[in-house]
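Numbering (my numbering), first residue to last: 20 to 132.
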């Protein structure tokens, strides 16, 4: 069976906005600070997996829709644990594979100037 490769169309609104500027700065600063490793992309999403922004150098081979769903699912699991254990809100969550690491960071409100 032949596998179809899907080409993802990325709307400009996702990588040309004020939040993208912040994501690009985070990515650049991380590279300058660590001088090692590679960030495939940064995504800003809400808790319902709605993508707000991606960094301008996001790896186009990745499906950012799937990644946003994973992020929202991790956030949902964290909310369940928060309710069950009566804890404070999520700080961060991580999925670590042999060759890939996915991080979810809850930042609360984003205030742009």
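Here a beta-carbon is modelled for each residue, glycine too, at the ideal position from N, C-alpha and C.
Assignment of residue 68 by DSSP, reduced to helix, strand and coil, places it in the coil class. Residue 124 sits in a strand when the DSSP states are folded into three classes. By alpha-carbon distance to residue 113, the top candidate from 77, 36 and 89 is 89.
For residue 62, the number of other beta carbons within 10 angstroms of its own is at least 16, and it is reported as buried.
By the Cβ-count criterion, residue 52 is exposed, with fewer than 16 other Cβ atoms from all chains shown falling within 10 Å of its own Cβ. By the neighbour-count criterion, in which a residue is buried when 16 or more other Cβ atoms sit within 10 angstroms of its Cβ, residue 96 is exposed. In the same chain as residue 111, and ignoring 5 residues on each side of it, the C-beta atoms closer than 6 Å to its own belong to 124, in chain order. Excluding five sequence positions before and after residue 67, the CB atoms of its chain that fall closer than 7 Å to its own CB belong to 91, given in chain order.
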